[in-house]
Ligand SMILES: [Zn+2]
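Here is the structure:
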């Protein structure tokens with residue numbers, strides 16, 4: 142992934158830029174703050190936001206060099222559709238349909254100590270660091286992990 146500070150294309154999963162040492166989470170976060178997040182809606186839930194950290198999760202979309210942030214909470218549905226459809230992260234602007242992303246593809250859940258990912262019985266599957274994860278079973282994520290939904294590659298950074 143490309144360092145937002147110096148532009149170096151770092152190896153997958155690197156947390157600190159190998160050229161300038163920038164903390165990629167912080168660098169992405171700074172850049173996200175100035176980006177236009179039009180088209181991304183996050184649903185505010187009345188409950189469920191229990192986290193030790195209030196730092197947002199940064200989702201880096203490999204195909205577009207774009208990143209977006211997600212507030213930490215339980216039940217963040219990623220797929221294609223609107224908030225009214227129950228979709229929190231609509232990946233349509235990133236070509237989700239052509240990349241085989243299901244309408245309700247997967248769910249992120251921020252817990253106090255960790256972040257998990259659950260495949261919602263998607264058609265084309267969810268992969269963590271290139272291994273397909275079983276449907277309806279939460280797996281724990283680490284910062285820098287690659288998550289693939291269908292053929293859309295995402296990388297997650299969080300603290
Ligand atoms: Zn750099």
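Numbering (my numbering), first residue to last: 142 to 300.
Even glycine gets a Cβ: it sits at the ideal position worked out from N, Cα and C.
Only a predicted model underlies this, so the values are computations on that prediction, with no experimental measurement involved.
{"Query": "Around the C-beta of residue 136, are 16 or more other C-beta atoms found within 10 angstroms, so that it is buried, or is it exposed?", "Result": "With the chain covering only 142 through 300, there is no way to say anything about residue 136."}
{"Query": "Could you please give the first and the last residue of the uninterrupted beta strand (DSSP E) stretch that includes residue 208?", "Result": "207-211"}
{"Query": "Whose C-alpha, out of 197, 203, 298, 264, is nearest the C-alpha of residue 247?", "Result": "264"}
{"Query": "Have a look at 169, 296, 211 and flag the residue whose alpha-carbon is nearest the alpha-carbon of residue 228.", "Result": "211"}
{"Query": "Look at the Cβ atom of residue 142, then the Cβ atom of residue 196, and state whether they are nearer than 9 angstroms.", "Result": "no"}
{"Query": "Residue 149: beta carbon under 8 angstroms from a heavy atom of ligand 1?", "Result": "yes"}
{"Query": "Out of 258, 268, 169, 225, which one is the CA nearest neighbour of residue 280?", "Result": "258"}
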